[in-house]
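Below: one structure, written as structure tokens.
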Amino acid sequence: MPPPEAGDAGIGGTRFNGGMRLVVLTGAGISAESGVPTFRDAGGLWDGHRVEDVATPEAFARDPETVLRFYDARRHAVAFADPNPAHLALARLEAVFGEDLLVVTQNIDDLHERGGSRRVVHMHGELLRARCTACGAASSVTAPLIERPPCPRCGERMLRPDVVWFGEMPYGLEAIDEALLACDVFVAIGTSGAVHPAAGFVMTAAAAGAHTVELNLAASEITPLFDEVRHGPATIVVPQWVDEAIATRSARE
Ligand code: BV8
1 MPPPEAGDAG
11 IGGTRFNGGM
21 RLVVLTGAGI
31 SAESGVPTFR
41 DAGGLWDGHR
51 VEDVATPEAF
61 ARDPETVLRF
71 YDARRHAVAF
81 ADPNPAHLAL
91 ARLEAVFGED
101 LLVVTQNIDD
111 LHERGGSRRV
121 VHMHGELLRA
131 RCTACGAASS
141 VTAPLIERPP
151 CPRCGERMLR
161 PDVVWFGEMP
171 YGLEAIDEAL
181 LACDVFVAIG
191 TSGAVHPAAG
201 FVMTAAAAGA
211 HTVELNLAAS
221 EITPLFDEVR
231 HGPATIVVPQ
241 WVDEAIATRS
251 ARE
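Next comes the structure, spelled out in structure tokens:
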């Protein structure tokens, strides 16, 4: 894929060529203004807990109650959160770009879906899903997992959050890689770039010729890797960028 030409119609710094295929990666920062705490900001999720105590298979084996309570509490909190203008903007983007847009989220909340996005890959799993450690079946969470509800398929009371912990293989990597290699523009929203392999996606996209954009409240660990950086709260910078992307696409049609 040829790199974007200087003359291509563009938005701000974003240069689109040909197909305008987009991959958007989101992190906890896109849900921050919905009241869902991030991980590494002050007062974040990791402040109260050590990752090793709540987000690894070893932690679950050692102290399942602490881990189940940690995720039950987050699931309860997310139920009271609403999608914010950044989530709604990405749904508007999907309404225009359709299959030319893939949203990959590191988040385990359902705010993208409640905001109207349909094409979402939850590479780190989902709070609202459980996985049976006896038969492997995935199912929707219908009660706090600390109550040990039965697996809908095998009846065993051995459900864990269907969430990807540190040391576990993220979901959807093949499809994500395919989309990164084919995209014209890669956008990272509200992620610190602290966790792999998500933190490396910008390099995969850039190596394949994509224009890369970071939309974040502040500089992240991977800011230097992007062609274009816009700092500000997601509820401001994401709708702005989406409006420009839609205008650019409409101007080309
Ligand atoms: C794996 C689910 C094998 C659980 C999470 C190199 C290659 C591959 C792996 C590794 C590697 N080096 C190290 C590893 C191992 C490890 C890892 O990355 N460790 C780190 C700590 C060094 N990775 C793994 O174990 C992964 N699995 O490697 O499998 C493999 C090997 C090769 C290739 C493939 C596979 C699994 C990692 C998944 C762990 N699970 N979440 C849960 O949610 O409880 S990670 C968790 O932290 C999140 O899901 C998220 O992905 C991650 C990072 O969090 P962010 O979303 O970025 O949030 P954070 O708080 O950090 O930052 C918030 C950002 O928002 C900030 O930038 C802030 O400025 C911004 N912000 C704040 N407010 C706003 C805002 N922006 C805009 N507006 C605002 N209002």
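The sequence shown: position 46 = 46 (my numbering), numbered continuously.
In this text, a Cβ means the ideal position worked out from N, Cα and C, and glycines have one as well.
Check: CB of Thr248 within 7 Å of CB of Pro85, strictly; Outcome: no
Check: Glu156 CB to nearest heavy atom of the ligand BV8 below 6 Å; Outcome: no
Check: Where the beta strand (DSSP E) containing Leu127 begins and where it ends; Outcome: Gly125 to Cys132
Check: DSSP three-state assignment for Ala9, whether helix, strand or coil; Outcome: Low per-residue confidence applies at Ala9: pLDDT is 36, beneath 50, and the placement is therefore not dependable enough to give any value.
Check: Residue from Ala245, Val187 and Gln240 with nearest C-alpha to Ile222; Outcome: Val187
Check: Ranges of the beta strand (DSSP E) found wholly within the stretch 62-141, counting only runs of at least 3; Outcome: 101-105, 120-122, 125-132 and 138-140
Check: Proximity below 7 Å, CB of Val104 to CB of Val121; Outcome: yes
Check: Any non-hydrogen atom of the ligand BV8 within 6 Å of Phe226 CB; Outcome: no
Check: Exposure label - Arg157; buried when at least 16 CB within 10 Å; Outcome: exposed
Check: Segment limits, beta strand (DSSP E) that includes Phe186; Outcome: Val185 to Ile189
Check: Rounded C-alpha distance that separates Leu93 from Arg40; Outcome: 28 Å
Check: Pair within 7 Å by beta-carbon distance, Val23 and Ala179; Outcome: yes
Check: Contact under 7 Å by Cβ, Val163 with Gly193; Outcome: no
Check: Residue from Gly29, Met20 and Arg21 with nearest C-alpha to Gly232; Outcome: Gly29
Check: Pair within 7 Å by beta-carbon distance, Asp110 and Leu128; Outcome: yes
Check: The ligand BV8 heavy atom lying under 6 Å from the CB of Gly166; Outcome: Before going further, note that residue 166 is Phe rather than Gly in the sequence given. Phe166: yes, Cβ under 6 Å from the ligand BV8.
Check: N- and C-terminal bounds of the beta strand (DSSP E) containing Thr212; Outcome: His211 to Asn216
Check: First through last residue of the beta strand (DSSP E) which encompasses Glu228; Outcome: Glu228 to His231
Check: Proximity winner among Val242, Val237, His211 and Ala207, relative to Glu228 (alpha-carbon distances); Outcome: His211
Check: For Cys154 and Asn216, the rounded distance between their alpha carbons; Outcome: 44 Å
Check: C-alpha gap between Ala89 and Arg69, whole angstroms; Outcome: 33 Å
Check: When Val238, Glu244 and Ile246 are compared against Glu33, the one with the closest alpha-carbon; Outcome: Val238
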